[in-house]
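Residue numbers (our numbering): 6 to 796. Okay, structure first, notes after.
The structure is reproduced here in structure tokens:
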């Protein structure tokens with residue numbers, strides 16, 4: 006057509022009015038301009054194709070012949086008439102047969118003239134004119150056409166600005182919504198589903214994969230959300246995610262892949278962004294398929310990547326916050342648990358240190374392990390070591406049913422609870438001791454061999470031993486396991502003063518619950534405290550024994566000093582009395598010989614002679630006991646000494662009809678000693694037995710044998726009578742000088758025996774049988790002990 010200046014002005018004016026119409030949308034303005042061009046240039050169809058942001062596709066079109074405002078297409082640059090025009094950025098005139106399937110045509114066109122819509126920097130799209138002839142604008146028509154294209158380019162540019170603004174607003178909305186959702190969630194478990202659901206919904210991706218790697222307190226996980234349209238290819242998408250995630254984690258840089266070529270119906274594009282916090286990559290987020298769900302599969306753009314990176318930044322901060330929160334919460338819980346544990350241990354220590362009775366201490370230890378509404382263990386057994394027998398002997402068993410303590414809840418952190426102590430009454434201890442479970446424990450012995458039972462390993466290796474499954478453990482006493490129905494147990498040694506006293510075995514038969522690491526650690530702490538308490542108890546007992554021995558030694562020393570004083574005084578008196586008594590005795594015997602027997606005067610003199618003899622014997626005993634005796638050692642035969650002593654007392658034995666029973670070995674029992682003094686020992690013992698059997702018809706049994714004393718060879722002689730025994734009230738005093746229950750005794754017979762035997766390095770033992778008799782045992786070493794050197 007030929008365009009005059011007036012027509013040109015009119016057409017441009019109308020086109021500008023359409024382009025600037027406030028009542029029409031940008032798409033309707035383009036559609037109106039397409040119709041305006043078709044009318045102005047007498048074309049059968051006019052189509053305006055708009056390029057995408059990547060300038061690789063013509064992504065939408067507006068036509069004068071279409072009903073809709075616009076429609077989406079995906080016409081690559083270089084394909085079809087419009088695509089080749091866009092790629093060449095120059096006008097084309099092609100026959101209609103060169104059209105691409107995505108190009109719009111009325112069907113009656115024979116030729117299409119395509120002209121790029123562009124400026125010096127970029128191409129915005131392509132306009133095609135369809136006509137029945139090979140028409141292409143030229144001259145003034147071309148000038149007018151290019152002026153109209155500038156108007157169209159302005160509209161397309163404004164469409165791009167509007168779309169970019171809309172996308173930015175949408176992206177900010179997405180980030181705002183995501184940030185608000187992330188701020189509501191404190192735990193990582195609830196955070197991940199929120200991230201996946203929000204990303205899947207807001208980004209329009211067909212598959213979103215969220216991955217975390219286990220570092221710096223962040224758990225290892227991979228979760229995804231996938232739409233129905235992409236579910237059939239999920240395995241392939243996850244395989245792609247494996248590769249791209251590893252690459253992004255290594256580089257720390259996001260990855261954008263476009264135009265993915267595959268035989269499968271896969272999304273065209275995907276983006277993988279790192280989850281970074283403080284320059285450390287903790288995971289990745291991968292987005293597949295922009296527009297894939299709606300059938301308009303597109304490439305992700307750089308703008309999309311920027312959005313995903315911003316989302317990843319929010320998610321990374323939220324993950325770091327959630328991780329820190331979890332760590333702080335876990336630390337707080339651990340500290341709270343440790344505080345309660347220490348408080349419980351403090352109370353337990355106070356309780357254990359409140360008593361020095363070893364038996365009560367054992368009851369308290371086992372009760373503390375099994376008491377309360379939530380006991381540490383359901384049963385506790387105590388075994389003590391018998392080194393001589395090589396076994397561990399069961400001593401006590403306590404269960405939740407027999408525990409006597411009422412342990413308060415661990416949540417009670419008051420000062421009163423911390424300073425209070427548990428206690429157990431004698432009645433409760435008796436109930437525990439007599440319970441069926443405790444009786445079963447007392448009847449159990451475990452061999453002290455770590456190859457046969459794990460409890461022995463705890464003792465021999467001095468460490469806690471935990472057996473989570475007793476049925477699979479080879480080194481377990483199967484009889485012990487079956488007897489108590491044990492499925493799992495722990496054994497910890499009881500140590501006091503670096504010595505293992507025994508072992509505590511704990512288990513949970515009712516709940517079959519495995520003991521936790523914290524419970525086992527507390528068991529070790531508890532037994533350590535118990536060991537210190539036991540050590541204190543043993544030390545206290547030792548101190549009590551030492552004090553008792555000191556008191557006994559002090560009493561013996563005082564008693565010895567008193568006896569020494571009495572002895573010195575008695576020796577002096579005896580010496581002064583003996584001379585007059587000798588004179589009195591001599592004159593009395595002379596008178597007795599001169600007087601006629603049977604006379605009254607002869608009876609008086611006989612009485613004087615008898616009393617003088619008794620007093621002389623008493624004084625001789627006193628002088629013999631008080632003076633220091635010197636031992637004359639020689640090789641002696643015990644059989645001969647006993648026979649010589651018997652010969653001295655034989656006449657009165659026969660008069661009293663007392664039977665003498667001898668039990669001597671054929672071998673001579675020889676020893677080094679003072680024969681005369683040892684003879685005196687047996688004379689005193691025989692005389693003492695004779696006086697005890699004054700009723701007559703008694704029996705004295707003498708047994709001689711060899712043996713050991715203080716680690717050395719010894720000769721042992723037992724003298725037993727049937728004199729009715731020693732009164733219990735007098736038994737503890739028979740070795741005390743001058744103590745006697747007889748009217749005519751001096752109380753020195755047995756003390757002299759004890760003194761002589763002690764001087765020989767031996768000892769005298771007494772076995773009293775009230776109502777039957779008494780047995781004295783004389784033990785003498787074969788060789789005398791070495792003399793004690795005094796400085």
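The C-beta atom is built at its ideal place from N, Cα and C for all residues, glycine as well.
Residue environment, residue i, which counts as buried when at least 16 other CB atoms sit within 10 Å
i           : result
residue 726 : buried
residue 402 : buried
residue 513 : buried
residue 800 : No answer is possible for residue 800: the residues shown for the chain start at 6 and end at 796.
residue 689 : buried
residue 702 : exposed
residue 60  : exposed
residue 416 : At residue 416, the pLDDT of 43 sits below 50, so the modelled position is not reliable; the number obtained from the coordinates is stated separately. Residue 416 should be labelled exposed.
residue 367 : buried
residue 88  : buried
residue 574 : exposed
residue 258 : exposed
residue 176 : buried
residue 695 : buried
residue 781 : buried
residue 62  : buried
residue 126 : exposed
residue 121 : buried
residue 279 : buried
residue 538 : buried
residue 295 : buried
residue 736 : exposed
residue 519 : exposed
Cα-Cα separation between residue i and residue j, rounded to whole angstroms
i           : j           : result
residue 82  : residue 304 : 15 Å
residue 716 : residue 621 : 42 Å
residue 662 : residue 777 : 18 Å
residue 592 : residue 584 : 13 Å
residue 719 : residue 643 : 11 Å
residue 533 : residue 498 : 9 Å
residue 40  : residue 262 : 39 Å
residue 383 : residue 482 : 21 Å
residue 154 : residue 123 : 8 Å
residue 466 : residue 490 : 25 Å
residue 283 : residue 318 : 11 Å
residue 526 : residue 721 : 58 Å
residue 67  : residue 33  : 9 Å
residue 220 : residue 132 : 56 Å
residue 462 : residue 454 : 7 Å
residue 412 : residue 377 : Residue placement at residue 412 cannot be trusted, given a pLDDT of 46 that sits under 50; the coordinates are not used to answer.
residue 361 : residue 355 : 12 Å
residue 399 : residue 369 : 17 Å
residue 387 : residue 503 : 19 Å
residue 136 : residue 80  : 21 Å
residue 152 : residue 271 : 43 Å
residue 321 : residue 337 : 24 Å
residue 273 : residue 104 : 24 Å
residue 699 : residue 707 : 19 Å
Per DSSP, the bridge partner or partners of residue i
i           : result
residue 62  : 81
residue 54  : 66 and 131
residue 800 : The structure shown does not extend to residue 800, since the chain is modelled only from 6 to 796, so the question has no answer here.
residue 385 : 403 and 511
residue 678 : 639
residue 644 : Residue 644 is not bridged to any residue.
residue 99  : 117
residue 717 : 714
residue 786 : 719
Residue-level contact to chain C via CB, residue i, 7 Å cutoff
i           : result
residue 522 : Protein chain content of the structure displayed is limited to a single chain, and chain C is not contained in it.
Please specify which runs of the alpha helix (DSSP H), each continuous and at least 4 residues long, are wholly inside the region 345 to 379, giving them in chain order.
The region 345 to 379 contains these whole alpha helix (DSSP H) runs: 363 to 375.
Hey, is the region 319 to 327 in contact with the region 231 to 239, meaning 3+ C-beta pairs nearer than 8 Å?
no
If you pair each beta-carbon of the region 148 to 166 with each one of the region 293 to 302, do three or more pairs fall below 8 Å?
no
Taking one C-beta from the region 124 to 144 and one from the region 16 to 36 each time, how about it: are there three or more such pairs within less than 8 Å?
no
What runs of the beta strand (DSSP E), each 3 residues or longer, lie entirely inside the region 463 to 493?
470 to 472
May I have a chain-ordered list of the beta strand (DSSP E) segments no shorter than 3 residues that lie completely inside the region 264 to 337?
Correct list: 275 to 282 and 285 to 295.
Can you find at least 3 beta carbon pairs, one from the region 202 to 219 and one from the region 334 to 345, that sit closer than 8 Å?
Fewer than three pairs of CB atoms, one per stretch, sit closer than 8 Å, so the region 202 to 219 makes no contact with the region 334 to 345.
Say whether the region 649 to 662 touches the region 603 to 618, bearing in mind that this needs 3 or more beta-carbon pairs closer than 8 Å, one atom from each stretch.
no
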